[in-house]
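Okay, so the sequence shown: first residue is 423 according to our numbering, each after it adds one.
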Amino acid sequence: MGDQPAHANLVKILGNYLIACSIEALAEATTVAEAADLDPTLLVDILTEGLFTGPVYQGYGAMIAARDYQPVAFKLALGRKDVDLALDTARSHRVPLAFGSVLRDLFTEAVAHGQSDQDWVAVTETTRRHAGLDRG
Numbered sequence: 423m424g425d426q427p428a429h430a431n432l433v434k435i436l437g438n439y440l441i442a443c444s445i446e447a448l449a450e451a452t453t454v455a456e457a458a459d460l461d462p463t464l465l466v467d468i469l470t471e472g473l474f475t476g477p478v479y480q481g482y483g484a485m486i487a488a489r490d491y492q493p494v495a496f497k498l499a500l501g502r503k504d505v506d507l508a509l510d511t512a513r514s515h516r517v518p519l520a521f522g523s524v525l526r527d528l529f530t531e532a533v534a535h536g537q538s539d540q541d542w543v544a545v546t547e548t549t550r551r552h553a554g555l556d557r558g
């Protein structure tokens, strides 16, 4: 990152912010698919074969579609912390993060539902709860 080591931290924070945005987008798309009686796994398979290739959409997409949040690679509580870091960093540069505020609320709700130690893709269950598709 050149002669400014703080930029490396910024890249990590912003990278994780983008992953969190992708996770929520996948959560929303699979929730709509499920509500419409379309198999979420089929949706993710079709979209990740060409349009959204790469480890974030393919790996996390498969976990989200299957609602299988194991193994835990990155705890939900850490995802929430990184969303907060992105919001704080953006605020310090006077840049609004509209999606960041929504993500913070979703992650906060997931933590309140006892999901802190689950993988951060388990934030999907918050979106499902909002849609009336509770796990139980």
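For glycine and all other residues, C-beta sits at the position ideal for the given N, C-alpha and C.
Tell me which residues share the same chain as residue i and place their Cβ nearer than 6 Å to its Cβ, disregarding the 5 neighbours each side in the sequence.
| i | result |
| --- | --- |
| C443 | F521 |
| R516 | none |
| R526 | V505 |
Taking all protein chains shown into account, do 16 or more other C-beta atoms lie within 10 angstroms of the C-beta of residue i, making it buried, or fewer, making it exposed?
| i | result |
| --- | --- |
| T546 | buried |
| T453 | buried |
| D490 | exposed |
| A458 | exposed |
| Q426 | exposed |
What does DSSP give as the partner residue(s) for residue i in the beta ladder?
| i | result |
| --- | --- |
| K497 | D541 |
Please name the residue, chosen from the options, that lies closest to residue i on a Cα-to-Cα basis.
| i | options | result |
| --- | --- | --- |
| A488 | G437, A455 and A512 | A455 |
| G437 | R513, L507, H552 and V517 | L507 |
| A484 | A430, A451, L509 and T511 | A451 |
| L448 | G554, R550 and D556 | R550 |
| Q492 | H429, T548, L555 and Q537 | Q537 |
| I486 | L555, G424 and I445 | I445 |
Among the residues of its own chain, which have a CB less than 7 Å from the CB of residue i, if the five just before and after it don't count?
| i | result |
| --- | --- |
| L519 | A508, L509 and A512 |
| A553 | T453 and A457 |
Could you name the residues of the same chain whose beta carbon sits closer than 8 Å to that of residue i, not counting the 5 residues immediately before and after it, in chain order?
| i | result |
| --- | --- |
| D504 | I435, N438, Y439 and A442 |
| D556 | R550 |
| L432 | T511 |
| L528 | E446, V545, T548 and T549 |
Indicate, with yes or no, if the ligand GTP has a heavy atom lying under 7 Å from the CB of residue i.
| i | result |
| --- | --- |
| C443 | What this structure holds is no ligand at all, so the ligand GTP is not there to describe. |
Touch test, the stretch 490–499 against the stretch 536–545, Cβ-Cβ under 8 Å, three pairs minimum
yes
Under 8 Å: do the stretch 463–470 and the stretch 480–490 share three or more Cβ pairs, one atom per stretch?
yes
Would you check if there are 3 or more beta carbon pairs closer than 8 Å linking the stretch 456–465 to the stretch 519–539?
no
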